[in-house]
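> Attaching a single structure in structure tokens format; questions to follow.
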Amino acid sequence: MKRILFSFAIAAMLWSCKTGSTATATTSKQEVSVSINLIDVKDDKVLVTVTAPKINADEVTYSIPKIIPGTYTEDNYGKYIEDVKAFDAKGGLLSVTKKDDNNWIIKNAKALRTITYLVNDTYDTENGKGFGKEDVFSPAGTNIDAGINFMINMHGFVGYFQDKIDLPYKVTISHPETLWGATSMIDLDTTATTDVFTTSRYAELVENPVMYAKPDYTSFTVDGMDILIGVYSPTGKVTAESITPEMKTMMTAQKTFLGKINANKKYSVLLYLSTMAQTDAKGFGALEHPTATTVVLPEMLPKEELVKSMKDVVSHEFFHIVTPLTIHSKEIQYFDYNAPKMSEHLWLYEGVTEYFANLFQINQGLIDETEFYSRIAEKIEHAKKLNDTMPFTTMSANVLVPPYKDQYLNVYEKGALIGMCIDIIIREKSNGERGILNMMHQLANEYGVSKPFNDNELFAKITELTYPEVGAFLTQYVAGPTPIPYETYLAKVGVTKAMEKAPGNVFLKGQMPYITVNPNTKEISVIPSSESIDFYKNLGLKGGDIIVAINEKPYSLENIYEMISESQNWKENDAITVKIKRDGKEQTIKGKVKLPYEEKEGLKATDATKTTLKNTWLKG
152 MKRILFSFAI
162 AAMLWSCKTG
172 STATATTSKQ
182 EVSVSINLID
192 VKDDKVLVTV
202 TAPKINADEV
212 TYSIPKIIPG
222 TYTEDNYGKY
232 IEDVKAFDAK
242 GGLLSVTKKD
252 DNNWIIKNAK
262 ALRTITYLVN
272 DTYDTENGKG
282 FGKEDVFSPA
292 GTNIDAGINF
302 MINMHGFVGY
312 FQDKIDLPYK
322 VTISHPETLW
332 GATSMIDLDT
342 TATTDVFTTS
352 RYAELVENPV
362 MYAKPDYTSF
372 TVDGMDILIG
382 VYSPTGKVTA
392 ESITPEMKTM
402 MTAQKTFLGK
412 INANKKYSVL
422 LYLSTMAQTD
432 AKGFGALEHP
442 TATTVVLPEM
452 LPKEELVKSM
462 KDVVSHEFFH
472 IVTPLTIHSK
482 EIQYFDYNAP
492 KMSEHLWLYE
502 GVTEYFANLF
512 QINQGLIDET
522 EFYSRIAEKI
532 EHAKKLNDTM
542 PFTTMSANVL
552 VPPYKDQYLN
562 VYEKGALIGM
572 CIDIIIREKS
582 NGERGILNMM
592 HQLANEYGVS
602 KPFNDNELFA
612 KITELTYPEV
622 GAFLTQYVAG
632 PTPIPYETYL
642 AKVGVTKAME
652 KAPGNVFLKG
662 QMPYITVNPN
672 TKEISVIPSS
682 ESIDFYKNLG
692 LKGGDIIVAI
702 NEKPYSLENI
712 YEMISESQNW
722 KENDAITVKI
732 KRDGKEQTIK
742 GKVKLPYEEK
752 EGLKATDATK
762 TTLKNTWLKG
């Protein structure tokens, strides 16, 4: 799972500156049959009817997941389920007792024919506090907007019977004729208002989201894989066609980089764009599935920023095809949705995946060396701000509980750097002929989709496939408490620390804003302490000045993120026109952009004797 850490936290920061029915269908075989009604939506709730398989026990538990793979947080999807009823074949009510948020016990279960319940969506409940702060992560959440959009993450709508989780599922979804379901599953019904999907077991079902919206999609083929891009944009500002060229370029590069490690025939990217309204999604990023990625981003993002975000999050999620969707432990293969045991190897699942999401871009010529080193330097800086002595394997195995969950975000920082160091070790020992991608190919051949590894045996297997030095690194720096000396490993490829002047943003430095927002008027104004910043001093902007428009484009709280994002593209001495309101009077200021600069520690290739090895690392 990839998250956008910056997201819309800046907006919040600036603000602070200031009844059921029975079913008659029967099943001829042991399967779980589910009906989801997206037509008759009442009170923003969807009716789900489950036809049970034959139950031989006196009671049975019906469960909705507490947690799903890839989220690393207990979200209790059962909290959004209400009015659970159970019926026998004649429509008579059976006793249902709610055990906890996610489990319902049904008595006289041998007579059970159907269960009905209502589903509330999660987007309505999001408060935007961020990861681990009560919200369900939006790409793993659900949306119910009658006649307009439904985000069907199956774990939010469909549960499982204890001891029946491996039975086949048949899901029938009734939907308005005006809406089309984007998914990687095959619709077995040809009518315009009904979709029928089948999966071999529950674990396959929850890995196949469906997004219903007005049809807006494109498709293309990359190396034998059919790619679907489905988009929901509330205002129509963004279309699938408008982002497809960049997505095709990126995913083509990814497939070229990966080689034959994956045999998926279809892959879907489902993009939901949020209005940022009170009842809409606020958790921005993406969630991986074997044949799909769900992405949630703000619709107000400028096109360039949207595409950049899509590249970052989709590339990360796509590489999850390698791990954990192919290479994974028994904890993932036999995932317990209500009493999960977590794997020790988040450094592999999330860290190596994040490393690949950056490495492939330099490997395939999508970014240059300077940009790649900048990203690595940034990860080193971020990792040092987290607990650098907490053993990564210990954190991974206990990631659902404090204090370990508080370090989860390090899987994208230190986790990626672990992947980098292993890559460099293998390159050095093999004289540049092999790298971590070769190691992942070997692991994929050793294990696979249906053959998991034992958590406690992975290090030994990696050592066997690579070099003793890799095993020693894993033992000391991944399983142990010793901080990684990144400079030692980077020096092996001729890369060293270097001080450089880096341009900053004119509206904020880190988490410190230079502007604020009036919550009543939604006007953006300059903070008095910002007057000394070069950008404001050069233009003669003063504390309390209200920014009305920049380069003739009006701004307010409604599109403040656009203003901040677009400013990141400004260059030193660009012409700029700022309309302000000062003392109640509007005036226009024309001038040039003066960016704030600061000295920061970066990385640079300085050792020419290591050029050959460096090039195989980045391009091999």
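Residue numbering for the sequence shown follows the working numbering, beginning at 152 and increasing consecutively.
Each residue gets a CB set at the ideal place from its N, CA and C atoms; glycine is no exception.
Remember, predicted model here, so these are calculated numbers, not experimental data.
(1) Provide the residue span of the alpha helix (DSSP H) that contains residue 721, from first to last.
(2) Nearest by alpha-carbon distance to residue 647: which of 322, 528 and 336 is it?
(3) Quick check on the DSSP output: the alpha helix (DSSP H) that includes residue 390 runs from which residue to which?
(4) Counting Cβ pairs, one atom from each stretch, are 3 or more of them under 8 Å apart for the region 371–387 and the region 471–487?
(5) Leaving aside the five residues before and after residue 246 along the sequence, list all residues of the same chain whose C-beta is less than 6 Å from its C-beta, in chain order.
(6) Write down every uninterrupted run of the beta strand (DSSP E) in the region 268–312 whose length is 3 residues or greater and which is fully enclosed by it, in chain order.
(7) Judging by CA-CA distance, which residue of 555, 385 and 321 is the nearest neighbour of residue 340?
(8) Determine the DSSP secondary structure at residue 440, reduced to helix, strand or coil.
(9) Could you have a look at residue 399 and say whether DSSP puts it in helix, strand or coil?
(10) Alpha carbon to alpha carbon, how far is residue 382 from residue 591?
(11) Let me make sure I understand the geometry here. Which of 628, 583 and 262 has the alpha-carbon closest to that of residue 239?
(12) Taking the beta carbon of residue 241 as the centre, do at least 16 other beta carbons fall within 10 Å, making it buried, or is it exposed?
(13) Ends of the beta strand (DSSP E) at residue 419?
(14) Taking only the alpha-carbon atoms, compute the straight-line gap between residue 225 and residue 560 and give it to the nearest angstrom.
(15) Do you know offhand how far residue 705's Cα is from residue 724's?
(16) Along the beta strand (DSSP E) that carries residue 654, what are the first and last residues, could you check?
(17) Where does residue 225 fall in DSSP's three states?
(18) If you count every other CB in all the chains shown that lies within 10 Å of the CB of residue 636, and 16 or more means buried, which is it?
(19) What's the gap between the Cα of residue 716 and the Cα of residue 435?
(20) Could you tell me which of 733, 668 and 568 sits nearest to residue 714, measuring between CA atoms?
(21) Locate the alpha helix (DSSP H) running through residue 641, then write down its first and last residues.
(22) Touching or not, the region 299–308 and the region 346–363, by the rule of three or more beta carbon pairs under 8 Å?
(23) Does the region 531–550 come within contact of the region 661–678, defined as at least 3 CB pairs closer than 8 Å?
(24) For residue 466, does the count of other Cβ atoms within 10 angstroms reach 16, so buried, or fall short, so exposed?
(25) Using 8 Å as the cut-off, can you tell me whether the region 225–235 makes contact with the region 321–340, which would need three or more C-beta pairs spanning the two stretches below that distance?
(26) In chain order, what residues of the same chain have a beta carbon less than 6 Å from the beta carbon of residue 741, not counting five sequence neighbours either side?
(27) Is the Cβ-Cβ distance between residue 562 and residue 497 less than 9 Å?
(28) Could you tell me how far apart the beta carbons of residue 347 and residue 266 are, in whole angstroms, since I believe they sit closer than 8 Å?
(29) CA-CA distance, residue 439 and residue 603?
(30) Please confirm if the region 575–586 is in contact with the region 649–662, defined as three or more CB-CB distances below 8 Å between the two stretches.
(31) Would you check if the distance between the CB atom of residue 650 and the CB atom of residue 753 is smaller than 9 Å?
(32) Find out if the Cβ-Cβ distance for the pair residue 645, residue 510 is shorter than 9 Å.
(33) Considering only residues of the same chain and omitting the five flanking positions on each side of residue 165, which have a CB-CB separation below 6 Å?
(34) So the candidates are 540, 184 and 568; which of them puts its Cα closest to the Cα of residue 312?
(35) Where are the beta strand (DSSP E) runs, 3 residues long or more, that stay fully inside the region 188–216, in chain order?
(36) Check whether the region 285–298 touches the region 192–201, counting contact only when three or more Cβ pairs, one atom from each stretch, lie closer than 8 Å.
The answer reads as follows:
(1) Here residue 721 is taken as the residue at index 570 of the sequence shown, counted from 1. Unbroken run through residue 721: none, as it is neither H nor E.
(2) Along the sequence shown, read from residue 1 onward, the residue named residue 647 stands at position 496. Nearest in C-alpha terms to residue 647, of all of 322, 528 and 336, is 528.
(3) Within the sequence shown, the letter at position 239 stands for residue 390. Premise fails: residue 390 is in no alpha helix (DSSP H) and is neither H nor E.
(4) no
(5) The residue given as residue 246 occupies position 95 in the sequence shown. Within the same chain, Cβ atoms closer than 6 Å to the Cβ of residue 246 are found at 258, the five residues on either side in sequence being excluded.
(6) Listed in chain order, the complete beta strand (DSSP E) runs (minimum 3 residues) inside the region 268–312 are 294–296 and 300–303.
(7) Along the sequence shown, one-based indexing puts residue 340 at 189. That would be 321, whose Cα lies nearest to the Cα of residue 340.
(8) The residue you call residue 440 lines up with position 289 of the sequence shown. Looking at residue 440 - three-state DSSP - the assignment turns out to be strand.
(9) Here the question's residue 399 lines up with position 248 in the sequence shown. Helix.
(10) Against the sequence shown, residue 382 aligns to sequence position 231. Against the sequence shown, residue 591 aligns to sequence position 440. Approximately 32 Å between the Cα atoms of the pair.
(11) Numbered from 1 along the sequence shown, position 88 holds the residue referred to as residue 239. Taking only the C-alpha atoms, the option nearest residue 239 is 262.
(12) The residue given as residue 241 occupies position 90 in the sequence shown. Exposed.
(13) Taking the first residue of the sequence shown as 1, we reach residue 419 at position 268. Run containing residue 419: 417–425, per the beta strand (DSSP E) assignment.
(14) As a working note, residue 225 is residue 74 in the sequence shown. As a working note, residue 560 is residue 409 in the sequence shown. So the alpha carbons of these two residues sit roughly 16 Å apart.
(15) Within the sequence shown, numbered from 1, the residue matching residue 705 stands at position 554. Within the sequence shown, numbered from 1, the residue matching residue 724 stands at position 573. Distance between the alpha carbons of residue 705 and residue 724 is about 22 Å.
(16) Counting from 1 along the sequence shown, the entry for residue 654 is found at position 503. Here the beta strand (DSSP E) through residue 654 covers 646–654.
(17) Counted from its first residue, the sequence shown places residue 225 at position 74. If DSSP states are grouped into helix, strand and coil, residue 225 belongs with coil.
(18) Within the sequence shown, the letter at position 485 stands for residue 636. Answer is exposed; the Cβ neighbour count stays below 16.
(19) By one-based count along the sequence shown, residue 716 stands at place 565. By one-based count along the sequence shown, residue 435 stands at place 284. The alpha-carbon atoms of residue 716 and residue 435 are separated by roughly 15 Å.
(20) Taking the sequence shown and counting its residues from 1, the one referred to as residue 714 is at position 563. Of the candidates 733, 668 and 568, the one whose C-alpha sits nearest the C-alpha of residue 714 is 668.
(21) In the sequence shown, residue 641 corresponds to position 490, counting from 1. Segment 637–642, the alpha helix (DSSP H) holding residue 641.
(22) yes
(23) no
(24) For the purposes of this step, residue 466 is taken as residue 315 along the sequence shown, with counting starting at 1. In this structure residue 466 is buried. Its beta-carbon is surrounded by 16 or more other beta-carbon atoms within 10 angstroms.
(25) no
(26) For this step, residue 741 is matched to residue 590 along the sequence shown. Closer than 6 Å at Cβ, skipping near neighbours: 728.
(27) Residue 562 sits at position 411 when you count from the first residue of the sequence shown. Residue 497 sits at position 346 when you count from the first residue of the sequence shown. Their beta carbons are under 9 Å apart, which means residue 562 touches residue 497 by this criterion.
(28) Mapped onto the sequence shown, residue 347 falls at position 196. Mapped onto the sequence shown, residue 266 falls at position 115. The Cβ separation is near 19 Å, so there is no contact.
(29) Position 288 of the sequence shown, counted from the first residue, corresponds to residue 439. Position 452 of the sequence shown, counted from the first residue, corresponds to residue 603. Rounded to whole angstroms, the separation of the alpha carbons of residue 603 and residue 439 is 19 Å.
(30) A contact between stretches requires three or more CB pairs, one per stretch, nearer than 8 Å, and the region 575–586 fails this requirement with the region 649–662.
(31) The residue given as residue 650 occupies position 499 in the sequence shown. The residue given as residue 753 occupies position 602 in the sequence shown. Yes.
(32) Start at 1 with the first residue of the sequence shown, and residue 645 comes out as number 494. Start at 1 with the first residue of the sequence shown, and residue 510 comes out as number 359. No. Outside cutoff.
(33) Working through the sequence shown from its first residue, we reach residue 165 at position 14. Bear in mind that the predicted position of residue 165 carries a pLDDT of just 38, short of 50, making it unreliable; the figure below should be weighed with that in mind. Closer than 6 Å at Cβ, skipping near neighbours: 664, 667 and 668.
(34) Taking the first residue of the sequence shown as position 1, residue 312 is located at position 161. The residue with the shortest Cα to Cα distance from residue 312 is 184.
(35) 196–202 and 210–214
(36) Yes: at least three Cβ pairs fall under 8 Å.
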